[in-house]
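UniProt numbering applies: residue 1 is where the sequence shown begins, and numbers increase by one. Note that CB positions come from ideal geometry on N, CA and C, so glycine has one too. Just so you know, these numbers come straight off a predicted model, no measurement behind them. Some notes on the structure that comes next.
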Amino acid sequence: MILTKPLKIIHISTVHHPLDTRILYKQCFSLANEGYEVHLIVQSHQDLQNINLPDNLYIWKLNVPKNRFYRVIFTVWEAYKIAKKIDGDIYHLHDPEILTISTLLKKNNGQVVFDVHEDYETSIKQKKYLSKPLRLLLAKIYKRIEKILTKSCHLVLAEKYYKEKFPKSKTVLNYPIVNDNEKIRTNKQKKERSNWLIYTGNVTEARGALYHAKIPKYLNSRVGVYFVGYCSETIAKKIYERSEIGIEINGVGHYVPRDEMDKIYNNNNWLAGVAIFPWTEHYYKKELTKFFEYMLHEIPIICSNFKVWKDFVESYNCGIAVDPEDDQDQKAAIEYLMNNPEEAKQMGVNGRKAVLEELNWENEFEKLKELYSNILNES
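Structure follows, in structure tokens:
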């Protein structure tokens, strides 16, 4: 569906990294490349210095807040003042704290879209730096506030199961970008499948960092694990304590840009992509973004055997689901891929085919444009 031009779209985030893949590369780049005027309001960051922007995409830099309290109060207000000055047709918000200005933006004759990146209620429940009673109380309070503030917004969901909380919404899933170069690329040009596993995304305990760290040890260093993504020095230290050999981490203390991550995917014929997470209420229903990226790059998946994850990899025959609490089950899955290279290769081929034909950003982008068009027609 073609949007009516001219259209001015303002994306706002006071929390996400300015090079966030979903916000910048998928949504803003795609819209700007089609000729729409796109403005992105984000925190200032040195990573913005070397980025090449398409025509019609403008980035407005917010002052870096001193702390979380300052961000929620002053940075959000700064973002509002910039957005009001630009005067957009659609304001696309990416963080819950910005919902506090949604009513003001609507009064500025714009339509407001809230992009639900996470299940924030369950995210609060797993913040270990808070006591459990406080976590539960804050999650309950957030749920009520979210329900009130999102009533006047159009909702976009990055994950299917969020429909349970927001039935009147549009899913625009976080599938990978498949450009022309990706369509013609083939892993047949790569050398033999290596004995390295790859993990991409933020490296945290809730995302299985310490489970992945044990792998080289129980496989007698026959495989290694390569982490790519932001990793705090505290977590990095814990990882290395569990396995001194067979571990590499790219991202300790810093964000790994999208183009660098894509090169890493392509520079090795990885044995598998791992996502062996401990059970948490926050993750067990999600179809992780890394699944689709592994699939695009013809990498078999080894993941926890949560029902949604197990059903997913089995439906596309693109990986193996394992018990996250059973080292021997994980070991058996990894050894199976090592000992059956042709079957491992076929899993990769199956996954890539699914992404090229179905699970890609280009299809999801059409849904986003349709939503914008419907919003403008209604207004």
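Can the beta-carbon of residue i be found less than 9 angstroms from the beta-carbon of residue j?
{"i": "Ile41", "j": "Ile10", "result": "yes"}
{"i": "Gln43", "j": "Thr14", "result": "yes"}
{"i": "Val178", "j": "Leu62", "result": "no"}
{"i": "Gly202", "j": "Tyr230", "result": "It should be noted that the sequence gives Asn, not Gly, for residue 202. Contact flag set, yes."}
{"i": "Tyr129", "j": "Ile101", "result": "no"}
{"i": "Tyr142", "j": "Arg207", "result": "no"}
{"i": "Ile198", "j": "Val225", "result": "yes"}
{"i": "Leu271", "j": "Ala344", "result": "yes"}
{"i": "Glu233", "j": "Gly253", "result": "yes"}
{"i": "Leu99", "j": "Glu164", "result": "no"}
{"i": "Tyr316", "j": "Met295", "result": "yes"}
{"i": "residue 439", "j": "Ile249", "result": "Only positions 1 to 379 of the chain appear in this structure, which leaves residue 439 out of reach."}
{"i": "Asn56", "j": "Glu37", "result": "yes"}
{"i": "Ile90", "j": "Leu7", "result": "yes"}
{"i": "Gln126", "j": "Thr280", "result": "yes"}
From the DSSP output, which residues share a beta bridge with residue i?
{"i": "Val274", "result": "Ile302"}
{"i": "Tyr91", "result": "Ile10 and Val112"}
{"i": "His17", "result": "Paired residues: none, contrary to the question."}
{"i": "Glu37", "result": "Lys8"}
{"i": "Val42", "result": "Lys61"}
{"i": "residue 441", "result": "Residue coverage of the chain in this structure runs from 1 to 379, which leaves residue 441 outside it and unanswerable."}
{"i": "Leu296", "result": "DSSP output for Leu296 lists no bridge partner at all."}
{"i": "Leu197", "result": "Val225 and Ala272"}
Once you ignore the five residues that flank residue i on each side, which residues in its own chain have a CB closer than 6 angstroms to its CB?
{"i": "Lys286", "result": "Glu159"}
{"i": "Tyr161", "result": "Lys285"}
{"i": "Leu157", "result": "Val116, Ser169 and Thr171"}
{"i": "Asp95", "result": "Ser13, Thr14 and Val15"}
{"i": "Tyr255", "result": "His17 and Tyr230"}
{"i": "Ile375", "result": "Gln111 and His154"}
Can you list, in chain order, the residues of its chain with a C-beta nearer than 8 angstroms to that of residue i? Leave out the 5 residues immediately preceding and following it.
{"i": "Asn363", "result": "Tyr175"}
{"i": "Arg242", "result": "Leu210, Ala213, Lys214 and Lys217"}
{"i": "Ile334", "result": "Leu197, Ile215, Leu219, Val223, Leu271, Ala272 and Ile302"}
Below 7 angstroms CB to CB, which residues in the same chain sit around residue i once its five sequence neighbours on both sides are set aside?
{"i": "Val64", "result": "Gln43 and Ser44"}
State yes or no: is the C-beta of residue i nearer than 8 angstroms to some heavy atom of the ligand GDP?
{"i": "Trp270", "result": "For the structure depicted, the ligand GDP is absent and the ligand set is empty, with no information on it obtainable."}
- Query: Which runs of the alpha helix (DSSP H), 4 residues or longer, sit entirely within the stretch 118-179?
  - Reply: 120-125 and 132-149
* To do: Check whether the stretch 297-307 touches the stretch 224-240, counting contact only when three or more Cβ pairs, one atom from each stretch, lie closer than 8 angstroms.
  => no
*asked:* Ignoring anything shorter than 3 residues, give me the beta strand (DSSP E) runs that lie fully in the stretch 200-286, in order along the chain.
replied: 224-231, 247-252 and 272-275
(request) Evaluate the contact criterion for the stretch 17-29 versus the stretch 101-111: three or more CB pairs, one atom per stretch, below 8 angstroms. (result) no
*Could you give the uninterrupted runs of the alpha helix (DSSP H) lying entirely in the stretch 334-366, keeping only those of 4 residues or more?*
341-357
When you compare the stretch 271-279 with the stretch 317-337, are there three or more beta-carbon pairs, one atom per stretch, that lie closer than 8 angstroms? yes
- Item | Touch test, the stretch 367-378 against the stretch 311-329, Cβ-Cβ under 8 angstroms, three pairs minimum | no
- Query: For the stretch 70-78 against the stretch 129-145, are there 3 or more C-beta pairs whose distance is under 8 angstroms?
  - Reply: no
- Task: Entirely within the stretch 47-92 and at least 3 residues each: give me those beta strand (DSSP E) ranges in chain order.
- Result: 57-62
- prompt: Using 8 angstroms as the Cβ pair cut-off and three pairs as the minimum, do the stretch 306-320 and the stretch 213-222 touch?
  reply: no
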